[in-house]
Structure formats: C-alpha cells, structure tokens
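Before any comments, here is the structure.
Residue numbers (the working numbering), protein chains in the order written: chain G, 68 to 523; chain H, 164 to 587.
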C-alpha cells in the first residue's frame, strides 16, 4: 500500500477550526522587522526573476526570488544562515515588486536583508563600506560642494583625482560627476521671497483663472537633493507650474529621501532622514497640504519604502498624501486638456526620447509623460521602451558595477539611438545621468516642458 | 477632478489588452489599468480557441464548428461565431502569429510531451508542428528541469506522432550558473554575447550550435525550450538553423514564459500605436456610482485613493487565479464592484474529491447579458456601463476546454468594441 492510500484520521474536507484548533503565534512579542512579510504568498513562479535587469546580464546574481522569500526560508530553518553577499548586487530598481502576480513585497524584503547584511556582516572599516556610505550620503558631499560649486565641479572631474578615487575607493572614473549649480534651489527660493511670495503668486493666479482667490490649494515640495544642488531648474519649473495653477508652494525642512541609503543597506542613515522628512511633512499634511516630489525615487520612498521599513508617527498619513508632481496635476487639474490647447516654441520645441524610470512604474507613472506630451504642438515624444537604465542611483558609480550597469543600459541606448529625437527626457536624475553618459544627449525633466508649454 | 478617459479597462491580461485594443482601434479614448505587469508572462504564448468540448470530446479539428453546440451560458455563445472570427482577425492583424490561414486547430508539442490543439502559434513554434512528418531532435538544457528532452521525446512517440523524436540533454555553453534565469539565456542569444568555450570566447549563438551539432543524426528539425531570444527571436533561430542546416523551433514553456512576454510586448505596442494609454503598479479597489451607473473607480497607492473615470468600463481582472474573483469561507465574490458570482451555498460543494472531477470552482465567474454586462442574482444588469471579459466570466472551464486565450480575445474584443460604440 502506498503512502497515498494509507488511512489516517485526517479528513481533508473537514474544517480545521474545531475545538482542538489553536492558532499558532509565529513570532511572539516580535516587533523587529524580518524577511517574513508576504513570504508565504510566493509560489515560486519566477516572474520576478525574468524582470530583474541584473539577473539578465549577470551570471552570478541569483535573482529577486532568492534574495527575498528563499533567503527567508533558509534563515528560518538554519540557525547559522547568514544573508548571502549577493544581496549587494541588487540595485533596488524594485521591478520585482511590479512583476509579482501574488503581491509579495519583494523590495521590502531586499531592503531588510541588505540592511541586516550591512549592519551584521560587513566590516565598517572596509573600503567598500566607506565608499558606499559616502555615495549613499550624497547630500552631505553635495552640501559641501555646493558652497564652492566651481571648485567642486573642477575637482570632482579632475582626471588624476578621479584615478585616485577609483583606485582607493572604487568609484568608477568612467563617469562625469554631475555639475553643481551656482545657486541651489533653496537659495533661489529664499531669494525669491519663500512661501510668502508663493502665496501671493498663487492668489493672483487663482484670480486670473477665475477661481476663488482664497481657495485652499497648497502643496509642500519635496525637492530632494538633486534638484536642490544640481538641477534647480527642475525645482523652479515645479514651483512656476504649480503657481500657475493657483497652488501655494511651501518648501519645508528636509533631508535625503533615503533611496541611496536603502540601496546600500544603510537603514540607520535612512531612518534619520526619514524622521526629519516625515515630521516636517506630517505637520503640513495636517494643515491641509499635499506632499509633492519631482523625483520619482523620492516619491517612491515617501509613499512605499517609508511605511514598509520604518515606524514613525505620521508615516502612513505622509505616504497617503504624497504624489509625484505631474501626477498630482493630472488628478486635480485638466492638464491633458490644457496641453492639447498649448504650443511650445523656442528651446524646448524638440523631439524627446523618453525613458520611464523603474521607480515610476510601481507608481503607475510609466506612460504619463508620453500620454500628456504626444498631443502637445511643437514637440514630439517617443517612449524608448521598458528597459532599465542600469545606473540605479549609486549602483553604476561603483567601479565593480560599472560594466554591469552599462550592459543593462544597452537596450535603452539602442532605443534612444533609434528614436527620432536627440534630446532625452526622464523624471529620474540618475537615469538622466546614464542617458547622457551613454548617448551624449541633453536630458530634460517633464516639468521643464510643462513650464515651457503652460507658463507665460 | 479625476483622470478621465472614454473607455476604462481594468486588467492587463489578454482580455484587457484585447478590449483596450478593440476600443482604441474603434476610435475611443482608452485607458488600461493593470495592477501588476501583465500575466501574459505566465502564459505559453499559444492561442487556443477550443481544443475540447465542454463534455471532453476532442481534440477538435475545427473549433468554430463546435461553438454553436456549446451550452448557452458559454461566453462563445454570447459573442457568437462571427464575434470570435472578428476578434481573431484583430489578433492576426497586430501579431505575426501563424495558424490564421485555416479554421482548423494545429497540433503542437508541449514541454510535457503531450500534443495540444491550438488555433494560433508564434512563428518560432511553427517548425515544431506535430502534423509535420520530419524527424525531430529535441534539445534540453541540464539546468532546465522542466524540459526533460529524452522524456518529452518518448512521450511524443507514445502519443503517436508521425515522425521519430529523439531527445538529448546538453549544458548551455559558457558555464552559466546552474539556475540561470531564462532571460539570461535570451539576452545572451539576442546580443550574441560571448561565452567561454575551452578557454576562448565565442558568440553564444555559435557556441550553442556547436554544442548541439554532434548530437544531430539526420534530423531535419531541432526543438529547444523557449529561450531563443527576447527582442530578436527570429534572428537567433535563423542563426542556429543556418549553422546546423536544419529548421529550429521553440517548445513553449511554463512560466516565466518568453513567448508570453513577447506577446505582451507586441500587444502593448499595438495598443500604444492605436493611441491607447496604460499604467501598471496599483490595484483598482473601489468605485463610486449609483443607480446602476459607475461614475469613477479608485486606484489604491499606499493608502491614497486616486480617482480615475471613464464613460464605459470593461472589467478584465481574471478568474480565481488572477484574483478577479475571490473567495473566503463565507462565499465567492468579485472584489471591485461586488458583482454577483453564482456559487453553491455550502462551500464543500465548490469542489469535487476526485482530482479530475467536476469542480465547480473551475467555472466560477460572472453571468452576463448578451452585451457582456454582468447580471445580478435576479438577472438584472448590475451597471449599465460595465462589461466583463476574459476569465472573470462564468459558464466555461478554460482548463478542460483549452479555450482560455480564445475566450479572452473574443470577449475582450466584443466588450471593447461595444464600449467604444457607446461613447461615440
């Protein structure tokens, strides 16, 4: 008689909620984060693996399914199991999240695993750790550099210095460091008169639009590091476009969103930033503001990664009231209609090759620029496909990851070459860096085109 | 305000894409919302219309011929034979699939070694037809345990195919990791990337052909699991075929499936070309409306509910597996609009104790009127501007009938076309 035929008292059709049934508390008294959340929903279909841009080019990377649910299972069953060091090869593009048909929060598991790896297994004296910490804390270096932008722009791209940086720190010398702006966004904002000036502009705009002068339209801008230090023109465009629609803008105190820190497993650094960001945004949200970001990785962090990783007062309210800037206007204004009626002349009357950042996908924003701009007179826009740009923030800056990052980007470069325009467009600053690096194209942000189309 | 469109399609599988495509081609302003990436990557990439009747007769030679004899509640009866033909014509128009030259089903070998009746198949599978009498060499990869070539070949011969089939297992050249992803193979072959063979670097296409060559023994065609390129499968097959002097074909595989991914790309490109809009990443969770009319639906993004509105709606969120229909201990329900899903009161009647018995759950789905509008328990229309398409529909068992893709395309096309007519 085979096992299958042996009779037991187990009746597969009987409900298991009888008197003898006792639910098991799997993790009594545990409020630590572990890899558990959602692991049981993974049925190993491997869809995440086929969407992983790293696994596509790297033989040694075991893929998102291993990094998340499988590692968790190993950890549960083997006391001495430690996080596999391949977790540092994950670029945190988060494509696996969008791929999973079962809703397993893969990127949350990866962030948690990477955090544990870095805090428990990585030597704090290793060159790699120090290098990653410097890269992840871009805001710190940027604050210093932006005080002396000309010197920084020269020094950071000075050949011999770059050679030394590659040899001693493992920061690739293949890339050009992004230029620091002569005036940061915040300096511009203060010089312009800050919130008071914005309030005045918004009131005038509301009047001109035939809306109630005292209407309650107000947003808190999370500019992130990059539009503050490197591309203030994006922040300025965001302010002007929102004011044009009658929104009063405020620019609260803020730190880095934490995206580069999540990607490098520096969760303590990320938490410190998150505490400041959540606290300043939560207060404003209580007063009726919505939080707006112009970088899709920043909005992704506030919306998804914060509540997944941290437990901070007000964090859920901030997540629920954070929007990507263009998305916000699509929801609350007739942006599409206004663009259909608009026309662009001058510098931005161009053909754009648009790349959707990975972090835009999970927010449902991967097609919004193409949708909005394809009917805008004077310009053209072409989606260059779904490939990942490969740079993933700090990832492509690491000497040992540079080749991989370029191999991932190969498809995107090809598609950009094939596209009719030779100006790139994307919401993500590091995708923009990679696009420019691989093609030499000038890269613009959708907000800049919106400004050109809608603001006098 | 809300993000507005004329026709709003919820669901990004074959049914949702067919709906959106039909509506966009009919001139409507269309938006497709998909919670996650399309589930087409879980599909074989083959398009079955009807392989077996509801009573298990088959394999059927002519699926169209069998449609009028299906039960009245079957979605094919709602759409009608002409409706199915129109839908397949649209599919043929936007893909380069084969099989449209005839009404009869083709017979294709599966990765399990069975022969399956299917209506449309990708170009890459064409040289593998089971009705072709040329001998076949099947080549499996040691690392891909779900395609055991010698076993599959033996199975095919046992099934009575009119040719000799032989299977060999090789290692993919270049010493890749044992559990390399299918996309890794595809990318290497797409780009003809270099792999190390005996200490020197060789293009992956030549290296693979060199590995297969010694195993050839006069066969005129060679079948591999479907890993032959993602962006340029035609070029990969041609290169291998030229090198080996044979026809090369792919055997469709289970998930994650490259033929499914390629079909997904093709259909999204067609939708884009037709002017349709789409977005993925967040679920539709709720709606607002009254008196049997939907005003807007809400996408959930981490606690925020984003309003999106349309004049007409198509619900194509899938069946029990796709989570368009859900169940708990109390009952079976449709989670967004709470449309009525007929089911037995006692949940122990939902299934049969026999594995291949008559499982009610396999047919759980929405009943509709002749316009594919979901019906209440009293046979009233749930919403005047909502239609349903694909495996969320009840009245058929796609797994037993081999009719999943066909019903999705046919009902999707019909729902999208009617929705577009309503807004014009």
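Cβ atoms here follow ideal geometry from the backbone N, Cα and C, with glycine treated the same way.
Note that the coordinates shown come from a computational prediction; the quantities given were computed from them, not determined experimentally.
List, in order along the chain, the chain G residues whose C-beta lies closer than 8 Å to that of residue i?
| i | result |
| --- | --- |
| residue 164 of chain H | 398, 399, 400, 401 |
| residue 462 of chain H | 431 |
Buried or exposed for residue i, going by 16 or more other Cβ atoms inside 10 Å?
| i | result |
| --- | --- |
| residue 187 of chain G | exposed |
| residue 192 of chain G | exposed |
| residue 159 of chain G | buried |
| residue 259 of chain G | exposed |
| residue 364 of chain H | exposed |
| residue 579 of chain H | buried |
| residue 405 of chain H | exposed |
| residue 516 of chain H | exposed |
| residue 500 of chain G | buried |
| residue 199 of chain H | buried |
| residue 111 of chain G | exposed |
| residue 257 of chain G | exposed |
| residue 270 of chain H | buried |
| residue 315 of chain G | buried |
| residue 230 of chain G | exposed |
| residue 475 of chain G | buried |
| residue 513 of chain G | buried |
| residue 95 of chain G | Reliability of the predicted coordinates at residue 95 of chain G is poor, the pLDDT of 46 falling under 50, and the value obtained from them is presented with this limitation in mind. Residue 95 of chain G should be labelled exposed. |
| residue 136 of chain G | buried |
| residue 413 of chain H | buried |
Quick check: does the Cβ of residue i come within less than 7 Å of any heavy atom belonging to the ligand MN?
| i | result |
| --- | --- |
| residue 359 of chain G | Among the components of this structure there are no ligands whatsoever, and the ligand MN is therefore not found. |
Can you name the residues of chain G whose CB is closer than 7 Å to the CB of residue i?
| i | result |
| --- | --- |
| residue 422 of chain H | In chain order: nothing, as chain G lies at least about 12 Å away. |
| residue 469 of chain H | 398 |
| residue 563 of chain H | Neighbours of residue 563 of chain H on chain G: none; closest Cβ ~22 Å, over 7 Å. |
If I follow the unbroken alpha helix (DSSP H) through residue i, where does it start and stop?
| i | result |
| --- | --- |
| residue 164 of chain H | Residue 164 of chain H -> no alpha helix (DSSP H), and no H or E assigned at all. |
| residue 206 of chain G | 205-214 |
| residue 509 of chain G | Note, residue 509 of chain G: premise wrong, no alpha helix (DSSP H); beta strand (DSSP E) at 509-511. |
| residue 345 of chain G | 334-353 |
| residue 322 of chain G | First-last for residue 322 of chain G: undefined, no H or E at that position. |
| residue 259 of chain G | 252-259 |
| residue 496 of chain G | 496-506 |
| residue 183 of chain H | 177-188 |
Provide the residue(s) that pair with residue i in DSSP beta bridges, ordered along the chain.
| i | result |
| --- | --- |
| residue 550 of chain H | H:477 |
| residue 412 of chain H | H:386 |
| residue 160 of chain H | Outside the shown range of chain H, which is 164 to 587, sits residue 160 of chain H, and nothing can be said about it. |
| residue 448 of chain G | G:419 |
| residue 288 of chain G | G:359 |
| residue 496 of chain H | H:489 |
Taking C-beta pairs closer than 7 Å, name the residues in chain H that residue i reaches, listed in chain order.
| i | result |
| --- | --- |
| residue 124 of chain G | 350 |
| residue 429 of chain G | 444 |
| residue 165 of chain G | 199, 200, 443, 444 |
| residue 505 of chain G | Within 7 Å Cβ-Cβ: nothing; residue 505 of chain G doesn't reach chain H, min ~15 Å. |
| residue 446 of chain G | Those do not exist, as residue 446 of chain G stays about 17 Å from chain H at its closest Cβ, beyond 7 Å. |
| residue 105 of chain G | Correct list: empty, because the minimum Cβ distance to chain H is about 14 Å. |
| residue 13 of chain G | Absent from the structure is residue 13 of chain G, since the part of chain G shown begins at 68 and ends at 523. |
How far does the beta strand (DSSP E) with residue i in it reach, from first residue to last?
| i | result |
| --- | --- |
| residue 316 of chain G | 315-317 |
| residue 451 of chain H | 447-453 |
| residue 443 of chain H | 440-443 |
| residue 195 of chain H | 193-197 |
| residue 472 of chain H | 467-472 |
| residue 459 of chain H | 456-464 |
Find the residues of chain H that neighbour residue i, judging by a C-beta separation of less than 9 Å, and give them in chain order.
| i | result |
| --- | --- |
| residue 433 of chain G | 441, 442, 443, 444 |
| residue 113 of chain G | 344, 345, 418, 419 |
| residue 380 of chain G | Under the 9 Å cutoff, chain H gives no residues; its nearest Cβ is about 15 Å from residue 380 of chain G. |
Name, please, each residue of chain G whose Cβ falls closer than 9 Å to the Cβ of residue i.
| i | result |
| --- | --- |
| residue 205 of chain H | 112, 114, 168 |
| residue 466 of chain H | 370, 374, 383, 384, 386, 387, 388 |
Name the chain H residues that come within less than 8 Å of residue i, Cβ to Cβ?
| i | result |
| --- | --- |
| residue 438 of chain G | 440 |
Counting only runs of 3+ residues fully inside the stretch 455-494 of chain G, write out the beta strand (DSSP E) ranges in chain order. 490-492
Output the residue ranges of the beta strand (DSSP E) runs that lie fully inside the stretch 241-303 of chain H and measure 3 residues or longer, sorted by chain position. 269-272, 278-281
In chain order, what are the residue ranges of uninterrupted beta strand (DSSP E) at least 3 long that sit wholly in the stretch 313-396 of chain H? The qualifying runs are 328-333, 357-360, 363-366, 384-388.
Uninterrupted beta strand (DSSP E) stretches inside the stretch 375-425 of chain G (no shorter than 3 residues): 389-391, 418-421
Mind listing, in chain order, the continuous alpha helix (DSSP H) runs of no fewer than 4 residues lying wholly within the stretch 105-136 of chain G? The qualifying runs are 114-117, 120-124.
Tell me the start and end of each unbroken alpha helix (DSSP H) in the stretch 128-191 of chain G that is at least 4 residues and wholly inside, in chain order. 138-144, 162-166, 173-188
Chain B contacts made by the stretch 326-342 of chain H, where a contact means CB separation under 9 Å: Protein chains G and H are contained in the structure displayed, whereas chain B is not.
Only counting runs of 4 or more residues, tell me where the alpha helix (DSSP H) segments fall wholly within the stretch 214-248 of chain G, in order along the chain. 216-223, 226-236
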